[in-house]
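With the UniProt record's numbering applied, the sequence shown closes on residue 270, and no number is skipped along the way. Notes follow once the structure below has been shown.
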Amino acid sequence: MSLPTLHDLHRDLGSTGLRVSPLGLGTVKLGRDQGVKYPSGFQIPGDDEARMLLRQARELGINLIDTAPAYGMSEERLGPLLRDQRKDWVIVSKVGEEFENGVSSHDFSAAHTRLSIERSLKRLETDFIDLVLVHSDGNDLHILDDCEVYQTLAELKQEGKIRGFGFSGKTVEGGLKALEQGDCAMVTYNLNEQTEKAVIDYAAAHGKGILVKKALASGHVCLEPGVDPIQASFILLFAQTGVASAIVGTINPLHLAHNVATAAKVIRQL
Numbered sequence: 001m002s003l004p005t006l007h008d009l010h011r012d013l014g015s016t017g018l019r020v021s022p023l024g025l026g027t028v029k030l031g032r033d034q035g036v037k038y039p040s041g042f043q044i045p046g047d048d049e050a051r052m053l054l055r056q057a058r059e060l061g062i063n064l065i066d067t068a069p070a071y072g073m074s075e076e077r078l079g080p081l082l083r084d085q086r087k088d089w090v091i092v093s094k095v096g097e098e099f100e101n102g103v104s105s106h107d108f109s110a111a112h113t114r115l116s117i118e119r120s121l122k123r124l125e126t127d128f129i130d131l132v133l134v135h136s137d138g139n140d141l142h143i144l145d146d147c148e149v150y151q152t153l154a155e156l157k158q159e160g161k162i163r164g165f166g167f168s169g170k171t172v173e174g175g176l177k178a179l180e181q182g183d184c185a186m187v188t189y190n191l192n193e194q195t196e197k198a199v200i201d202y203a204a205a206h207g208k209g210i211l212v213k214k215a216l217a218s219g220h221v222c223l224e225p226g227v228d229p230i231q232a233s234f235i236l237l238f239a240q241t242g243v244a245s246a247i248v249g250t251i252n253p254l255h256l257a258h259n260v261a262t263a264a265k266v267i268r269q270l
């Protein structure tokens, strides 16, 4: 019996023209093991292991990959790992946050935004990035109102270097404002935290894209005995018509297969 896949369950990411799998692969763990908030430690996988994980994801129908300059070596590793596969992937990266020597810093200026995108294009070995999100430091409205990053991303979209742009924020107000001018918002939404539901609803009503981060609460989701936390999380998520895809950052092949099988089952039953 073949395992369930997501190949026939891809959906539109708002009105970007991008079609994405309902689960995306997060790649923090391919590049960074410092300053992360997972319940247990992990080892950054080697190239062979990473290549096998990416191949497995593709075979299971995942076409969305999520990275960022703040994910350590993630972008630099993905370039060679995805070589000759560009047409198979929707690549999401970010701007605004840097992570060096174990410390995060933020820069939302026009100059840094352009530098960051050019660097990401080079690292990822591509002529364009499908979607770029602003990596917020939490001061969402300040970034959108007073910084140049969003306008610069709009220019980069016009120039063809990115196909869409949006905001990975931390507040409802920021998410709503970001969607007025941008294509997509990345929100936190899980069994423990649902404050950004208004952003999902706005996106559904206005043809905008929603990606969900921390869909499994970074591995911290806990329920009463006998309840599958993955299934319960996906039932909550995919009941929201505005949600295009949930980013799950596993490097465990068994977890990946289980996540895909569970998501496929839940989506087909909704």
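Cβ coordinates follow ideal geometry from the N, Cα and C atoms, glycine included.
CA-to-CA distance, residue j to residue i, given in whole angstroms
i, j, result
"serine 245", "alanine 111", "31 Å"
"leucine 270", "threonine 241", "11 Å"
"glutamate 59", "lysine 94", "26 Å"
"residue 347", "histidine 135", "Since the first and last residues shown for the chain are 1 and 270, residue 347 lies out of range."
"threonine 188", "alanine 204", "16 Å"
"cysteine 147", "glutamine 181", "14 Å"
"leucine 115", "lysine 177", "25 Å"
"isoleucine 200", "glycine 209", "9 Å"
"glutamate 118", "glycine 72", "17 Å"
"leucine 30", "phenylalanine 99", "14 Å"
The alpha helix (DSSP H) enclosing residue i, as first and last residue numbers
i, result
"lysine 122", "110–124"
"proline 172", "Residue identity differs from the one stated: residue 172 is valine in this sequence, not proline. Counting along the chain, the alpha helix (DSSP H) containing valine 172 begins and ends at 172–181."
"histidine 206", "197–206"
"leucine 153", "149–158"
"histidine 142", "140–146"
"glycine 79", "74–81"
Candidates the options: closest to residue i by CA position
i, options, result
"glutamine 43", "Asn259, Ile251, Lys265, Ala257", "Ile251"
"isoleucine 235", "Val266, Asp130, Leu25", "Val266"
"serine 40", "Pro229, Ala264, Ser218, Gln151", "Ser218"
"glycine 96", "Pro69, Gly102, Ser74, Asp88", "Pro69"
"isoleucine 91", "Val36, Phe167, Glu224, Leu64", "Leu64"
"leucine 216", "Asp33, Tyr38, Leu30, Arg32", "Tyr38"
"arginine 19", "Leu131, Gly46, Asp33", "Leu131"
"valine 36", "Val103, His142, Leu54", "Val103"
"isoleucine 62", "Trp89, Met52, Asn101", "Trp89"
Whether residue i touches residue j by CB criterion (8 Å)
i, j, result
"valine 221", "asparagine 192", "yes"
"glycine 207", "glycine 14", "yes"
"glycine 26", "isoleucine 247", "yes"
"valine 212", "threonine 195", "no"
"isoleucine 162", "phenylalanine 128", "yes"
"alanine 57", "leucine 256", "yes"
"glycine 164", "lysine 170", "no"
"arginine 11", "serine 74", "no"
"glycine 174", "phenylalanine 167", "yes"
"aspartate 183", "threonine 67", "no"
Opening and closing residue of the beta strand (DSSP E) in which residue i lies
i, result
"leucine 133", "131–135"
"alanine 257", "Taken as a continuous stretch (DSSP letters only), alanine 257 belongs to no beta strand (DSSP E), being part of the alpha helix (DSSP H) at 253–269."
"glycine 209", "209–213"
"lysine 37", "Taken as a continuous stretch (DSSP letters only), lysine 37 belongs to no beta strand (DSSP E), as it is neither H nor E."
"aspartate 48", "Element bounds for aspartate 48: not the beta strand (DSSP E) but the alpha helix (DSSP H), 47–59."
"alanine 246", "245–248"
"serine 105", "103–106"
CB contact below 8 Å: residue i versus chain D
i, result
"alanine 70", "No chain D appears in the structure shown, which is made up of a single protein chain."
Within the chosen definition, does the stretch 254–262 reach the stretch 3–14 through at least 3 CB pairs nearer than 8 Å? yes
For the stretch 74–81 and the stretch 114–127, state whether three or more C-beta atom pairs, one from each stretch, are separated by less than 8 Å. yes
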